[in-house]
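What follows is a short report on a single structure.
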Amino acid sequence: MQRLSQSPTEPAFVQNPYPFYARARAAGPLVVWQEYGLPVATTHHAINTILRDRRFGREPVTPPDIPAHLAPFYAVEAHSMLELEPPRHTRLRGLVLRAFTTRRIKALAPEIEQLARDLIDSFPDGPFDLLDAFCRPIPVIVIARLLGVPEGMAPDLLRWSNAMVMMYQAGRTPEDEARAVAATEEFVAFMRDYVRRRRSEPRDDLISALIAAEADGDKLTTDELITTCILLLNAGHEATVHTMGNGVKLALEMGVRPGTAPEAFVEEVLRLDPPLHLFTRWVYDEVNLFGHRFRRGDAVGLLLASAGRDADCYAQPDRFQPTRQGPPNLAFGAGLHFCVGAPLARLELGIAMSALFQACSGLRLVEAPRYAEIYHFHGLERLMVTR
Ligand code: HEM
Numbered sequence: 002m003q004r005l006s007q008s009p010t011e012p013a014f015v016q017n018p019y020p021f022y023a024r025a026r027a028a029g030p031l032v033v034w035q036e037y038g039l040p041v042a043t044t045h046h047a048i049n050t051i052l053r054d055r056r057f058g059r060e061p062v063t064p065p066d067i068p069a070h071l072a073p074f075y076a077v078e079a080h081s082m083l084e085l086e087p088p089r090h091t092r093l094r095g096l097v098l099r100a101f102t103t104r105r106i107k108a109l110a111p112e113i114e115q116l117a118r119d120l121i122d123s124f125p126d127g128p129f130d131l132l133d134a135f136c137r138p139i140p141v142i143v144i145a146r147l148l149g150v151p152e153g154m155a156p157d158l159l160r161w162s163n164a165m166v167m168m169y170q171a172g173r174t175p176e177d178e179a180r181a182v183a184a185t186e187e188f189v190a191f192m193r194d195y196v197r198r199r200r201s202e203p204r205d206d207l208i209s210a211l212i213a214a215e216a217d218g219d220k221l222t223t224d225e226l227i228t229t230c231i232l233l234l235n236a237g238h239e240a241t242v243h244t245m246g247n248g249v250k251l252a253l254e255m256g257v258r259p260g261t262a263p264e265a266f267v268e269e270v271l272r273l274d275p276p277l278h279l280f281t282r283w284v285y286d287e288v289n290l291f292g293h294r295f296r297r298g299d300a301v302g303l304l305l306a307s308a309g310r311d312a313d314c315y316a317q318p319d320r321f322q323p324t325r326q327g328p329p330n331l332a333f334g335a336g337l338h339f340c341v342g343a344p345l346a347r348l349e350l351g352i353a354m355s356a357l358f359q360a361c362s363g364l365r366l367v368e369a370p371r372y373a374e375i376y377h378f379h380g381l382e383r384l385m386v387t388r
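Here the numbering used here is used: position 332 in the sequence shown is 333, and no number is missing along the way.
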């Protein structure tokens, strides 16, 4: 396996990581990314194969030592389906899917459209940041409404979630950790109180549905319910915000519009410039794959964003071409942990981007967009436009 060196914090890399991914794919389906000390899968085939192989999973083989000051954060993660494997994963995901029905998601379409229109109507005349005015509010308001959390809480939810996701950043500081823990504690306290009240006063929302969801008489415990709500609120907006920002940027730079059937446009954004680039898996058994012998307890990285640029799957992979053919992109993962929110994210992205370009046909960039200087979310710092 070839070894490649690339600092994940180097500004030029963060702005455009795709040349490194091309170098990595040219070096093989598996390469060692030295800075992470990890073998990483680079091709669509290798990533897809490992995502679907049950000998790889998200729950560590040996539980890590958790420093006392981070305990509140990991106490929440301990109940997260995203961090678990069967049987607990099956039970938690099953209960969530029971409440997170296609019907409930589809029914949100008119509301999302209205929300997008209201935001567009309040755009200022001069240059403004489309992330703040449009891309950020939509996903957080939608997920808050879906769960049944008051919309007035949106600024707090955003603040808590932004602080918590810093725990996944390469090179996080002690200040990042302190902020993440403080945010976790505030978020948990809010949710605990909220769930308690909702238990005695059910409504037609996801929290009430989750409280009621039963599989074999097995309800979610309060801690599981709190973690699940936090997971849905956190996972449910940041990635969508950044996909929307990246998508509007591509539309404006390439002169391509989503039109009134935006599904293919959304998929092409997710293939070409997805928001989440690197996930990891633990190895549960000895496995020989792609010329490498994995041992139990090893870790492997999956470069989801490299899969979309794989020339073996997509012709001229660096071009933005919503009409193209090819295998499904891996921006939402695959296999057991495939994104629960993918149908919601796809709906929001399609409706919001269509509404935007229908209402603002003259929308243009007023400065070259830059990505934020963090690798864990590939999204813009701001998106300055004028209508
Ligand atoms: C464009 C937006 C989104 C992207 C790119 C995205 C991406 C992903 C990916 C890649 C995974 C799998 C991670 C892995 O396999 O290690 C995942 C899992 C998950 N996502 Fe999303 N997501 C998005 C939006 C959402 C939304 C809107 C929600 C909730 C409403 C959500 C909730 C979840 C949950 C709960 C999981 C864990 C599933 C499991 O472990 O079984 N995501 N997402």
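Idealized CB from N, CA, C, for every residue including glycine.
The model shown is predicted, which means the values in this text are computed figures rather than measured ones.
Q) Just to confirm, does Cys-361 get its C-beta within under 7 Å of one of the non-hydrogen atoms of the ligand HEM? A) Between the ligand HEM and Cys-361, a heavy atom-to-CB distance of less than 7 Å is absent.
Q) Under a three-way DSSP split, which group does Tyr-376 fall into? A) Tyr-376 carries a coil assignment under DSSP once its states are collapsed to helix, strand and coil.
Q. In chain order, what residues of the same chain lie with their CB nearer than 8 Å to the CB of Arg-180, ignoring the 5 residues before and after it?
A. Cβ within range, chain order: Ala-164 and Met-167.
Q. Between His-45 and Leu-279, what straight-line distance do the alpha-carbon atoms span, to the nearest angstrom?
A. Cα to Cα, His-45 sits roughly 13 Å from Leu-279.
(Q) Spatial neighbours of Val-257 within its chain, please: C-beta separation below 8 Å, excluding the five flanking residues on both sides. (A) Scanning its chain for C-beta atoms nearer than 8 Å, with the 5 sequence neighbours on each side dropped, one finds around Val-257 the residues Leu-251, Phe-266, Phe-321 and Pro-323, in chain order.
Q | Counted within 10 angstroms of its Cβ, other Cβ atoms place Ile-67 as buried (16 or more) or exposed | A | Looking at its Cβ environment, which holds fewer than 16 other Cβ atoms inside 10 Å, Ile-67 is exposed.
Q) For the ligand HEM, is there a heavy atom less than 7 Å away from the beta-carbon of His-338? A) It does: the Cβ of His-338 is within 7 Å (strictly closer) of some heavy atom of the ligand HEM.
Q) Should Val-386 be labelled buried (16 or more other beta-carbon atoms within 10 Å of its own) or exposed? A) Under this definition Val-386 is a buried residue.
Q.
For the structure I just gave you, are there three or more beta carbon pairs, one from the segment 280–300 and one from the segment 27–44, closer than 8 Å?
A. A contact exists between the segment 280–300 and the segment 27–44.
Q) Quick one: what's Leu-290 bridged to in DSSP? A) The partner list for Leu-290 (beta bridge, DSSP) reads His-293.
Q) the ligand HEM heavy atoms versus the CB of Met-82: any closer than 7 Å? A) Answer for Met-82: yes, Cβ within range of the ligand HEM.
(Q) Is the beta carbon of Thr-229 closer than 8 Å to that of Leu-389? (A) Residue 389 cannot be examined here, being either before or after the span of the chain that is shown, 2 to 388.
Q) Relative to the alpha-carbon of Ser-123, which residue among Ala-346, Pro-111 and Pro-138 has its alpha-carbon at the smallest distance? A) For the options Ala-346, Pro-111 and Pro-138, the alpha carbon positioned closest to that of Ser-123 is the one of Pro-138.
Q) So, Leu-348 versus Leu-116, is the Cβ gap smaller than 8 Å? A) No, Cβ-Cβ distance for Leu-348 and Leu-116 is not below 8 Å.
Q) Sorted by chain position, which residues of the same chain lie with C-beta nearer than 8 Å to Arg-193's C-beta, five sequence neighbours on each side aside? A) Result list for Arg-193: Thr-223 and Ile-227, in chain order.
Q | Whole-angstrom C-beta distance between Asp-311 and Arg-53, which should lie under 8 Å | A | That pair is no contact at about 16 Å.
Q. Should His-377 be counted as a contact of the ligand ATP given a C-beta to heavy atom distance under 7 Å?
A. Absent from the structure shown: the ligand ATP. Ligands present: the ligand HEM.
Q) Alpha carbon to alpha carbon, what distance is there between Lys-220 and Ala-213? A) Each residue's CA atom was taken as its position, placing Ala-213 and Lys-220 some 7 Å apart.
Q) Since Leu-39 is in the beta strand (DSSP E), which residue starts that stretch and which ends it? A) Segment 39–42, the beta strand (DSSP E) holding Leu-39.
Q | As assigned by DSSP and simplified to three states, the class of Asp-219 | A | Asp-219 falls in the strand class under three-state DSSP.
Q: Within the same chain, show all residues whose beta-carbon is closer than 6 Å to that of Asp-177, passing over the 5 residues directly before and after it, in chain order.
A: Closer than 6 Å at the Cβ level, and outside the excluded window around Asp-177, lie Met-167.
Q) What runs of the alpha helix (DSSP H), each 4 residues or longer, lie entirely inside the segment 94–161? A) Complete alpha helix (DSSP H) runs here, min 4: 103–107, 110–122 and 138–148.
(Q) Please report the distance separating the alpha-carbon of Val-270 from that of Leu-85. (A) Rounded to whole angstroms, Val-270 to Leu-85 spans 29 Å at the Cα level.
Q) Of all the options Arg-200, Tyr-372, Val-242 and Leu-384, which has the alpha carbon lying nearest to the alpha carbon of Phe-14? A) The candidate whose alpha carbon is nearest that of Phe-14 is Tyr-372.
Q | Nearest neighbour of Pro-370, chosen from Gly-327, Gly-248, Phe-339 and Ala-171 [CA to CA] | A | For the residues Gly-327, Gly-248, Phe-339 and Ala-171, the minimum Cα distance to Pro-370 belongs to Gly-248.
Q.
Under 8 Å, with one C-beta from each stretch per pair, do the segment 136–154 and the segment 194–209 reach the 3-pair mark?
A. Counting C-beta pairs closer than 8 Å gives three or more between the segment 136–154 and the segment 194–209, which meets the contact rule.
Q) Whose CA, out of Gln-3, Gln-35, Ser-162 and Thr-50, lies closest to the CA of Leu-405? A) The requested residue 405 is not part of the displayed model; the chain covers only 2 to 388.
Q. Would the C-beta of Ala-240 count as close to the ligand HEM, meaning under 7 Å from any of its heavy atoms?
A. Yes, since a heavy atom of the ligand HEM falls inside the 7 Å radius drawn around the Cβ of Ala-240.
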